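Protein chains in written order, with the numbering used here: chain E, 297 to 407; chain D, 638 to 924.
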């Protein structure tokens with residue numbers, strides 16, 4: 297799942313999370329998770345003041361964004377002082393597994 | 638001769654030396670301590686200050702509390718969060734403003750910890766989840782005091798951290814003879830915050846010292862570590878601290894549940910990042 301500015305949203309992308317009305321006190325949903333974006337829907341979201349949406353997969357390469365591989369390196373670096381501790385090893389594996397899943401999504405979109 | 642530690646303690650005890658808090662805070666403190674004051678009276682007092690109301694509502698509606706609907710009135714915020722939480726938010730609002738504007742990385746780390754605490758308390762079905770989230774939100778408030786009141790020492794701390802394998806907490810102890818957690822605890826006392834907020838703030842790096850509110854402190858301890866593990870925001874160094882065994886046993890989480898918690902936090906952090914970007918762009922708009 298990727299958070300993208302609405303300006304980069306394109307028809308065919310699928311919402312990973314419902315979009316809510318930003319101006320409503322009750323946070324009414326405009327469209328639910330799983331909705332496929334269309335030109336018309338993107339235009340409507342723009343008119344409603346929606347700035348960004350969460351979409352499935354990793355369809356857009358945003359400038360400055362780290363690749364999952366770079367994120368894994370950074371993760372190893374952050375854990376460098378606790379890499380002998382069994383509990384911390386398990387915790388790091390949880391984060392690493394997640395990044396590997398993201399990496400698979402990322403490369404699936406590249407292909 | 639006064640030691641550095643005593644000097645800092647004295648400075649934190651002197652409310653006048655801290656960034657100016659709104660005059661309304663004094664009235665609120667008196668009201669919140671009085672049993673006779675009803676929620677309506679407290680709500681009316683806060684609502685009389687529009688800027689303060691906006692700050693309280695902004696935090697209540699931020700992703701870290703995770704209320705499904707929008708909280709639109711101070712009365713509702715008081716009912717949902719309780720007097721103690723709203724009081725802590727009001728008291729810390731001035732300092733938090735400085736954090737938003739000047740220490741964006743720490744602001745994001747703090748919001749992230751608030752989100753994590755919210756998710757962990759829900760998972761563990763602990764009571765007073767909002768209060769625990771607030772303690773997590775404020776857990777590094779001592780760092781803000783160091784940053785704005787001890788500028789020269791803050792720079793020496795930064796150089797020590799940048800220069801080697803030293804955590805910010807170790808560097809603080811070397812330079813100040815006290816760490817941000819303890820300073821945060823002192824600040825909580827100066828502000829007359831309840832002990833259930835002070836203890837998790839003061840003991841979040843050493844939860845074994847937390848006796849009365851050990852559950853809450855363990856949650857804040859783990860929340861801080863998970864956000865550092867995630868690399869979200871910047872709390873002064875890039876080292877993930879070790880989870881203390883006593884805190885881990887206290888929480889009694891299985892690896893499976895921990896994995897679900899991490900996934901939930903990571904998904905929520907995307908919203909927190911958006912919230913932080915909105916705040917930053919609103920500050921840029923002011924300039």
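Glycine residues also receive a C-beta, built at the ideal position from the N, C-alpha and C atoms.
Quick caveat, the model's predicted, so the values are computed rather than measured.
**Q.** Chain-order list of residues whose beta-carbon lies under 6 Å from that of residue 639 (chain D) (same chain, five-residue window excluded)
**A.** none
Q.
Does residue 301 (chain E) come out as helix, strand or coil in the three-state DSSP assignment?
A. strand
Q) CB-CB under 6 Å to residue 913 (chain D), same chain, minus the five flanking residues each way: which ones, in chain order? A) 745
**Q.** Whole-angstrom distance between residue 808 (chain D) and residue 820 (chain D), CA atom to CA atom
**A.** 14 Å
**Q.** Whole-angstrom distance between residue 692 (chain D) and residue 924 (chain D), CA atom to CA atom
**A.** Unreliable placement is indicated for residue 924 (chain D), whose pLDDT of 42 sits below 50; the coordinate value is still reported in the next sentence. C-alpha separation (whole angstroms): 19 Å.
Q: Could you say which of D:711, D:811, D:827 and D:810 lies nearest to residue 680 (chain D) if we only look at CA atoms?
A: D:711
(Q) Contact criterion: CB-CB distance below 7 Å. Does residue 300 (chain E) meet it with respect to chain D? (A) no
Q: Could you tell me which residues DSSP pairs with residue 310 (chain E) in its beta bridges?
A: E:332
Q.
How far does the alpha helix (DSSP H) with residue 747 (chain D) in it extend, from its first residue to its last?
A. 741 to 761
Q: Could you run through the segment 340 to 353 of chain E and flag, in chain order, every residue whose CB is less than 7 Å away from some CB of chain D?
A: 348 and 350
Q.
What would DSSP say about residue 913 (chain D), mapped onto helix, strand or coil?
A. helix
Q) Taking just the CA atoms, how far does residue 876 (chain D) sit from residue 333 (chain E)? A) 40 Å
(Q) Within 10 Å of its beta-carbon, does residue 841 (chain D) have 16 or more other beta-carbons around it, so buried, or fewer, so exposed? (A) buried
Q. Mind checking whether residue 754 (chain D) and residue 856 (chain D) have CB atoms under 7 Å apart?
A. yes
Q.
Please report the distance separating the alpha-carbon of residue 690 (chain D) from that of residue 404 (chain E).
A. 47 Å
(Q) By the DSSP assignment, the alpha helix (DSSP H) with residue 350 (chain E) in it spans what residues? (A) First-last for residue 350 (chain E): 348 to 351, but that is the beta strand (DSSP E), not the alpha helix (DSSP H).
Q: Name, please, each residue of chain E whose Cβ falls closer than 9 Å to the Cβ of residue 911 (chain D).
A: 299, 347 and 348
Q) Interface residues of chain E around residue 865 (chain D) at Cβ under 8 Å? A) 374
Q.
Using a Cβ-Cβ cutoff of 7 Å, what residues of the segment 871 to 894 of chain D are near chain E? List them in chain order.
A. 875, 876, 877, 879, 880, 885 and 892
Q. Quick one: is residue 386 (chain E) near chain D, going by C-beta distance under 7 Å?
A. yes
Q: Show which residues of chain D have a CB atom less than 7 Å away from the CB atom of residue 315 (chain E).
A: Neighbours of residue 315 (chain E) on chain D: none; closest Cβ ~12 Å, over 7 Å.
Q) Hey, is residue 306 (chain E)'s beta-carbon within less than 7 Å of any beta-carbon in chain D? A) no
Q. Is residue 880 (chain D) closer than 7 Å to residue 756 (chain D) when the C-beta atoms are compared?
A. no
Q: Anything in chain D within Cβ reach of residue 378 (chain E), meaning under 7 Å, just list it in chain order.
A: 877 and 879
Q. Under the three-state reduction of DSSP, which class applies to residue 403 (chain E): helix, strand or coil?
A. helix
Q) How big is the Cα-Cα spacing for residue 871 (chain D) and residue 368 (chain E)? A) 17 Å
Q. Taking Cβ to Cβ, would you say residue 837 (chain D) is nearer than 7 Å to residue 849 (chain D)?
A. no
Q: Spell out the partners DSSP gives residue 720 (chain D) in its beta bridges.
A: In the DSSP output, where bridge partners are listed per residue, residue 720 (chain D) has none listed.
Q) Which partner residues of residue 315 (chain E) appear in the DSSP bridge assignment? A) E:327
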